[in-house]
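Asks: Okay, here's the structure, questions in a sec.
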Amino acid sequence: MFVKKMKKILVVFDGTHFSEGAFEFTRAMNEQQPVLLTGVFLPQADYAGFFNYGDAVTAPLYIPVLDVNEEIIQKNISRFKTLCQKHGIEHRVHEDYLDFALPALKKETQFADLLIIGSESFYNYISIRESNEFVQDTLHNAECPVLVVPEKFDFPVNNILCYDGSEPSVYAIKQFAYLFPEMTKNPSLLIYAMGNADTDIPDEMNIEELVSRHYPNLTITRLPIKTGKNLREWVAEKEGSIIISGSFGRSMLSRLFKNSFASGIINDHRLPVFIAHK
Amino acid sequence: MCTMQRILVAFDALDINLNSLDFACYISRLTDSKITGVFLENLITENKLIIKEGYDATYLKWGPDESDPDYVKKMDRFQENISIFQNHCVNKKSSCDVLCKKGSPAKELIRESRFADLLITDAQTCFNKKFSGSPTNFEKDILQAAECPVMIAPGHFSQIDEIIFCYDGSRSSFYSIRQFDYIFPELLQKKVVLLAVNFKNEKELPEIEKLKEWFFTRNAQLHFEFRHGKPEDEINDYLLQKNNSLVIMGAFGRSSLSRLFRKTTAGNILKSSYLPVFITHP
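Residue numbers (this note's numbering), protein chains in the order written: chain A, 70 to 347; chain B, 29 to 310.
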């Protein structure tokens, strides 16, 4: 018996910008396995207090809606609906964007398999070198894995699994395999980007045992690099990859690269990045 | 489509529990996965100062006394249990391998659980007899610290006809069913009962629309069961009438308040471990 199963996906657009990248990625995913897509359109002024608003004790109950261009949001919503219909994607839209309190988005992520954000649209507001508060807040607060998608990308045909021996890195590798079983067959590279060429990979046997079951086409490598720059160069050579990383802010990688590893790649090379943490 | 999972089954090295092995074999066939037997023993309590005689000198050593007949007997039993495990798996047509670990049971198992998709153990496994009763302290450590979902094997098992999902609107209760679905995508096609305590009807359940939407994407049929009263009593009461069911509990949450509540809930169900219980927490 064929059972129709879907992924439940949230995609967040900031009010005035329609992220083509995020939509394109969802469309390509839908071809592999149907998705139920919920579009959330946020007025742009909300970024500042994104996840903090509604914290009844500390935050004032006031939503800083400064300059919501309703027309543009409406236009984006109808564009979203048209595109979904055109590509046969089952979808929902949160129309009540003005009242859509941001903690509600957090709640929404509890019941979703994946949250997709178009990174460039958010990076528009922030200088490239400074990390993006919105993205960081989302990553810290989302209760499901987050996929950050650039505007222009090739749909991933390779997986880059970042492993540092820590729990979050293994957790992310597992979650990606559960969510994208169809992509685990792609060539996958597990990188251990710590120490020198002769540093042992922590728990090498265990991680190989686990990962090779989920990702049959697996290569394990050490990257003896000291700065993020080399890694970024290396990543740039890999076209059409997706990066799977444990955490964004506090990971060992971020310490290693000064700026967060994931952040650097989002900025420089625009590869989709899948981030999951408990 | 379904990927192979890495499933660990934890046994007391000296007292293998065949019921949980049977259950593990079932899970292994269900997910088409190999099971890895982890044989745990508590050697730290065995360590003592022993006098060793070398070729030209006598020296002191801290460790298990390898010449002690009790120790030898223990090791023999350990080897015996490993072959019982292997033969059993062959008979049940499950592929298996064995991982021998020495040292503190809970600590080792937690380390291993990072690299596993599921950990199966039983409520009776008890290494340190002074923590008697079930769940033993060992179990509680595992439930809280395991880095993968834990399945408590039932005392007796035949099959799974029904999934009972204990829902209280908390973050971890929904998290657990999401993880359950990732590991056992086919099981949600069975009858799914949502068990809630102290809610009058469907409409009162927190986030019911989102919940239903998610179950819709999984093509699952959701049935509701409402109970009123003290949660742990009611859940226990309900589960006592059940056979061939699997219970999903999002237990051992983060906040201390919810931990207190859920600890007792999960604890009671484990004590009467006649149904398999799936536990994980964010």
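Using N, Cα and C, we set each Cβ at its ideal position, and we do this for glycine too.
Taking 6 Å as the limit between beta carbons, can you name the residues of its chain near B/ILE35, skipping five residues before and five after?
Replies: SER61, ILE63 and LEU146
Asks: Considering only C-alpha positions, which residue in the set A/LEU106, A/ILE185, A/GLY309 and A/ILE344 is nearest to A/ALA246?
Replies: A/ILE344
Asks: Beta-carbon of A/MET321 versus every beta-carbon of chain B: anything under 8 Å?
Replies: Interpretation of A/MET321 is limited by its pLDDT of 41, a score under 50 that renders its predicted location unreliable; no figure is taken from the coordinates.
Asks: Consult DSSP for B/GLU81 and reduce its assignment to one of helix, strand or coil.
Replies: strand
Asks: By how many angstroms is the C-alpha of A/LEU105 removed from the C-alpha of B/ASP43?
Replies: 48 Å
Asks: Is the Cβ of B/PRO177 closer than 8 Å to any Cβ of chain A?
Replies: no
Asks: How is the beta strand (DSSP E) around A/LYS77 delimited, first residue to last?
Replies: Element bounds for A/LYS77: 76-83.
Asks: When you compare the CB positions of A/PRO225 and A/SER88, do they come within less than 8 Å of one another, or not?
Replies: Not a contact, by the Cβ cut-off of 8 Å.
Asks: Which residues in the same chain have their Cβ closer than 8 Å to the Cβ of A/PHE82, if we skip the five residues on either side of it in sequence?
Replies: Closer than 8 Å at the Cβ level, and outside the excluded window around A/PHE82, lie SER88, ALA91, GLY108, VAL109, PHE110, LEU111, ASN145, PHE149, GLY187 and SER190.
Asks: Hey, B/GLU140 and B/VAL66 are a contact pair by Cβ (cut 8 Å); roughly how many whole angstroms apart?
Replies: 6 Å
Asks: Is B/ILE180 closer than 8 Å to B/ALA151 when the C-beta atoms are compared?
Replies: yes
Asks: Given a limit of 8 Å on CB to CB distance, which residues of the region 232-261 of chain B reach chain A?
Replies: GLU235, LYS238, LEU239, GLU241, TRP242, PHE244, THR245, ARG246 and ASN247
Asks: Buried or exposed for B/VAL118, going by 16 or more other Cβ atoms inside 10 Å?
Replies: exposed
Asks: From the DSSP secondary-structure annotation, give me the bridge partner or partners of A/HIS310.
Replies: Residue 310 of chain A is actually Ser in this sequence, not His. Partner(s): A/ASN227.
Asks: In three-state terms, what does DSSP make of A/ALA345?
Replies: coil
Asks: Out of curiosity, what's the CA-to-CA distance linking A/TYR240 and B/PRO97?
Replies: A/TYR240 and B/PRO97: Cα-Cα distance of roughly 44 Å.
Asks: In terms of DSSP beta bridges, what is A/THR288 paired with?
Replies: A/LEU258, per the DSSP bridge assignment.
Asks: Leaving out the 5 sequence neighbours to the left and right, which residues in its chain are closer than 6 Å to B/VAL221 when beta-carbon positions are compared?
Replies: Excluding the 5 residues flanking it on each side, B/VAL221 has same chain C-beta neighbours closer than 6 Å at ILE192, HIS251 and GLU253, in chain order.
Asks: Taking the straight line between their C-alpha atoms, what separation do you get for B/GLY91 and B/GLU136?
Replies: 18 Å
Asks: Please return the same chain residues whose Cβ sits closer than 6 Å to the Cβ of B/ARG105, not counting the five positions on each side in sequence.
Replies: LEU42
Asks: Select from B/MET32, B/PHE51, B/ASP40 and B/ARG246 the residue whose C-alpha is nearest the C-alpha of B/TYR302.
Replies: B/PHE51
Asks: I'd like to know if A/VAL239 contacts chain B, where contact means its C-beta is closer than 8 Å to some C-beta of that chain.
Replies: yes
Asks: Evaluate B/PRO85 with the Cβ neighbour count: other Cβ atoms within 10 Å of its Cβ, from every protein chain shown; 16 or more gives buried, anything less gives exposed.
Replies: A quick correction: the sequence has Ala, not Pro, at residue 85 of chain B. B/ALA85 is exposed by the Cβ-count criterion.
Asks: From the beta carbon of A/GLN154, is the nearest beta carbon of chain B less than 8 Å away?
Replies: no
Asks: Beta-carbon separation of B/ILE263 and B/PRO177 under 8 Å?
Replies: no
Asks: Going by C-alpha to C-alpha distance, which of B/GLY197, B/ASP209 and B/SER122 sits closest to B/ASN226?
Replies: Nearest of B/GLY197, B/ASP209 and B/SER122 to B/ASN226, Cα basis: B/GLY197.
Asks: What residues from chain B crowd round A/LYS64, counting only those whose CB sits closer than 8 Å?
Replies: Absent from the model: residue 64 of chain A. The displayed extent of chain A is 70 to 347, so no value can be given.
Asks: Would you report the Cα separation of A/ASP182 and B/LYS89, rounded to the nearest angstrom?
Replies: Rounded to the nearest whole angstrom, the CA to CA distance from A/ASP182 to B/LYS89 is 54 Å.
Asks: Compute the Euclidean distance between the alpha carbons of A/PHE180 and A/LYS347, then round it to the nearest angstrom.
Replies: Distance between the alpha carbons of A/PHE180 and A/LYS347 is about 15 Å.
Asks: On the three-state DSSP scale, how would you describe B/SER273?
Replies: strand
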